[in-house]
Each structure stands twice: as structure tokens, then as C-alpha cells.
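Right, one structure below, let's go through it.
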């Protein structure tokens with residue numbers, strides 16, 4: 014895939030990113046800044062775990078609006094002021110365990126937040142292309158050994174996963190009811206588990222690994238045998254950018270897209286952690302620890318044939334390279350190196366920017 018066309022496409026475009034202060038959102042805004050886009054962010058104030066946003070000096074680079082996706086009136090005002098051509102909806106409560114602890118808030122953000130975003134799009138004439146980012150967990154998980162396809166039943170098990178299934182259904186309803194004939198092109202993107210520098214969230218495997226090895230402690234795994242479609246965050250974001258451009262140019266390609274790694278890169282959590290420890294060095298090690306926590310899927314793979322056939326997207330970094338890039342970033346962080354420089358260098362490397 015030639016990303017130069019994508020870079021040229023986004024130059025000068027007005028783009029609105031909900032959830033810009035989050036892990037994925039910060040990386041996306043950094044990419045769009047490099048591409049020359051005019052960016053408006055809409056999100057709650059960053060939490061201590063969302064420090065990447067500040068590390069990249071994004072408050073000085075983009076127009077960032079502090080707001081809650083549950084506040085339709087304020088969100089609509091932001092849309093109509095920004096007049097975006099492209100919208101990436103990333104604002105969410107993104108954690109499975111948090112969903113169990115606070116299901117009402119999880120549904121409120123993930124479902125009504127989607128409704129409000131789509132309503133803002135409906136009332137903003139400038140919008141041509143929308144990508145709603147959901148998750149690989151939207152499917153009714155039957156623990157199959159093969160990957161789920163886009164037409165499989167949507168019925169996430171836990172409150173987080175189920176709220177994202179609902180977000181998918183809401184998006185489909187708005188497309189059929191309001192956008193099918195004259196409205197913008199709208200797609201949903203269901204990506205696998207992303208890794209990469211700058212994620213400091215609780216209950217995620219790589220941040221847990223970094224916290225442990227930084228303190229010379231053993232990494233403890235809750236579900237070492239769980240298989241997940243792990244991929245670098247730049248893989249997912251590259252796909253989102255490709256989807257938004259493709260449907261901007263041709264509305265017929267809009268739809269739902271799985272975004273996952275190659276089959277051989279779907280590995281167990283223990284394999285990922287072992288790769289991390291080997292790459293980190295310094296005697297890093299892990300151990301299994303049963304914690305009797307809430308239900309989480311054991312086996313999950315995505316079939317990403319559609320996005321490869323329709324849009325020509327293919328993964329660039331295998332799991333080994335993805336872990337190496339992740340460790341490189343966190344090594345820089347632990348050694349108090351230049352975070353903007355390492356982040357930008359990895360973006361240039363991935364997109365092969367000249």
C-alpha cells in the first residue's frame with residue numbers, strides 16, 4: 014500500500030477526533046499533524062493514565078475542546094464550529110474490567126456517545142466521511158478457532174463488549190435512516206488488541222509489563238493462555254485512515270471492517286509477554302497468577318479478508334516488530350528520552366514518509 018496518497022489526501026483537511034486525549038487518539042492526532050490536517054479534538058480532560066497526549070504537546074498543535082460525548086448540545090456546538098470533513102469517533106470507556114465495575118457509565122458513554130456523535134454528523138453539512146471505532150469484542154464469541162467475519166452476530170458478552178455491539182447497531186440504524194442516500198459515508202472499524210508506546214492504562218498487558226519491569230518486579234498474568242489479535246497501534250490507525258479516505262472518494266465502499274493481524278500473529282498472552290521480556294532484557298520475567306476475575310474470552314481471532322480485498326490494506330509490522338517498537342518507545346520513556354522524537358520517528362518509519 015502506498016501511504017503517500019493518504020498523506021496528500023489529509024493535508025489541509027478538517028478532521029474531528031473524539032477521544033483525542035486517549036491512547037489511540039493521541040497517536041492519531043500526531044499522525045494527522047504530520048500529514049498536515051487541521052484537527053479538532055473533543056474529549057474529557059486527560060487522566061493521569063492518558064499522559065501521552067501532553068507528552069506529544071498536542072494541546073499546542075491542535076484545537077482541543079474539553080467536552081463530554083454525553084452532552085449533545087455542547088458536542089453539536091463543537092461540530093458546527095469546527096465544520097469537519099472527516100470524523101473519527103474514538104471516545105469510549107475502553108476497559109472490560111471497568112465495564113463490570115461501572116456498567117451504567119460504560120453504556121452511557123459507549124452507546125449514547127455514539128448516538129450523539131451521529132446526531133452531530135446528521136446536523137453538520139460539512140461532514141463527508143465518518144469512522145466509528147469499536148472493537149474485536151463486538152461479536153458473540155463462541156470460542157471458534159477461526160476468525161470472525163463482519164457478518165457474524167453482534168452480541169458482546171460483558172458490558173464493555175456489549176456496549177460496543179450496541180454502538181455498531183446504532184451506527185447501522187443511522188446509516189439506513191438518515192445517511193444512505195444523501196448523507197456522509199459511514200463505516201465501523203473493529204480492531205484487535207493494540208499495543209504500542211504511551212499506553213498507561215490499568216489492566217492492559219503491556220502497561221502492566223512496563224510497570225513491573227521498571228520496578229524490577231515479576232509480570233503476573235491473569236489469562237496466559239488467552240489468544241488475541243495483538244497488533245501495533247499504528248496498524249489499526251493506518252487502517253482507519255485508509256477507510257476514511259476510501260469512502261470519502263467512493264461511498265460504496267463504506268461498511269464494517271475487521272482490522273487484525275495475520276493469522277500467525279494471533280498469539281497467546283503468555284507468548285506476547287515472553288516476547289516483551291526477551292526484548293526488554295535485564296532479567297525481565299513473568300508468572301501466571303489466577304485472580305478469579307470476571308469472565309473474559311479465551312479465544313478471539315478476526316478475519317480481515319474484507320479490508321484487504323476491498324481497500325488493499327495489509328499489516329506491515331509482524332508481532333515481533335510490533336513488540337520491538339513498543340519496547341523501544343518505553344525504553345525511551347524510562348530513560349527520560351525525547352518522547353515526541355521517538356513517536357514521530359516510528360510514525361515516519363511505519364508510513365514510509367519521505
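Numbering (this note's numbering), first residue to last: 14 to 367.
Positions of the beta carbon are idealized from the N, C-alpha and C atoms, including for glycine.
Assigned exposure category for residue i - 16 Cβ within 10 Å defines buried
| i | result |
| --- | --- |
| residue 179 | buried |
| residue 24 | exposed |
| residue 33 | buried |
| residue 338 | buried |
| residue 363 | buried |
| residue 58 | exposed |
| residue 157 | exposed |
| residue 333 | exposed |
| residue 5 | Nothing in the structure corresponds to residue 5, since the chain is present only between 14 and 367. |
| residue 347 | exposed |
| residue 399 | No information on residue 399 is available, as it lies outside the stretch 14 to 367 that the chain covers here. |
| residue 38 | buried |
| residue 19 | buried |
| residue 61 | exposed |
| residue 168 | exposed |
| residue 373 | Past the edges of the chain, shown from 14 to 367, lies residue 373, and the structure says nothing about it. |
| residue 326 | buried |
| residue 51 | buried |
| residue 149 | buried |
| residue 367 | Note that residue 367 scores 39 on pLDDT, short of 50, meaning its location in the model is unreliable and no value can be drawn from it. |
| residue 177 | buried |
| residue 291 | exposed |
| residue 314 | buried |
| residue 84 | exposed |
| residue 40 | buried |
Identity of the residues DSSP links to residue i by a beta bridge
| i | result |
| --- | --- |
| residue 203 | 271 |
| residue 79 | 56 |
| residue 102 | 31 and 145 |
| residue 232 | 299 |
| residue 152 | 167 |
| residue 51 | 27 |
| residue 161 | 315 |
| residue 240 | 281 and 312 |
Unbroken beta strand (DSSP E) run spanning residue i, endpoints
| i | result |
| --- | --- |
| residue 27 | 27–31 |
| residue 43 | Careful: residue 43 lies outside any beta strand (DSSP E), inside the alpha helix (DSSP H) at 36–48. |
| residue 146 | 142–146 |
| residue 385 | Because the chain here runs from 14 to 367, residue 385 falls outside it and cannot be looked at. |
Opening and closing residue of the alpha helix (DSSP H) in which residue i lies
| i | result |
| --- | --- |
| residue 11 | Not covered by the structure: residue 11. The range shown for the chain is 14 to 367. |
| residue 66 | 65–68 |
| residue 221 | 218–227 |
| residue 350 | Residue 350 -> no alpha helix (DSSP H), and no H or E assigned at all. |
| residue 139 | Looking at the DSSP string, residue 139 is not in any alpha helix (DSSP H), and its letter there is neither H nor E. |
| residue 214 | Segment: none, residue 214 is in no alpha helix (DSSP H) and carries neither H nor E. |
| residue 16 | Where residue 16 is concerned, there is no enclosing alpha helix (DSSP H), given that its DSSP letter is neither H nor E. |
| residue 62 | It is not in any alpha helix (DSSP H) - residue 62 carries neither H nor E in the DSSP assignment. |
| residue 185 | 172–187 |
| residue 93 | 85–95 |
| residue 72 | 71–74 |
Residue-chain proximity (residue i, chain B), Cβ-Cβ < 9 angstroms
| i | result |
| --- | --- |
| residue 17 | Judged by its chain identifiers, the structure shown contains no chain B, having just a single protein chain. |
Residue i: CB within 8 angstroms of a non-hydrogen atom of the ligand NAD
| i | result |
| --- | --- |
| residue 251 | The model on display carries no ligand, and the ligand NAD is accordingly not part of it. |
Quiz prompt | Inside the segment 244–322 only - beta strand (DSSP E) runs reaching at least 3 residues | solution = 269–272 and 299–301
Quiz item: Does the segment 273–282 come close enough to the segment 234–244 to have 3 or more Cβ pairs within less than 8 angstroms?
Solution: yes
Self-check item: Three or more C-beta pairs below 8 angstroms linking the segment 168–176 and the segment 185–193
Solution: no
Quiz item: Are the segment 217–237 and the segment 290–304 touching by the rule of at least three beta carbon pairs closer than 8 angstroms?
Solution: yes
Exercise. Give a yes or no on contact between the segment 70–77 and the segment 103–118, applying the rule of three or more CB pairs nearer than 8 angstroms.
Key: no
Quiz prompt | At least three beta-carbon pairs within less than 8 angstroms, the segment 140–149 to the segment 199–210 | solution = yes
Practice problem: Evaluate contact between the segment 249–258 and the segment 214–227, counting only Cβ atoms and requiring at least three cross-stretch pairs below 8 angstroms. | Solution: no
Quiz item: Can at least three beta-carbon pairs, one atom from the segment 316–334 and one from the segment 259–277, be found at a separation below 8 angstroms?
Solution: yes
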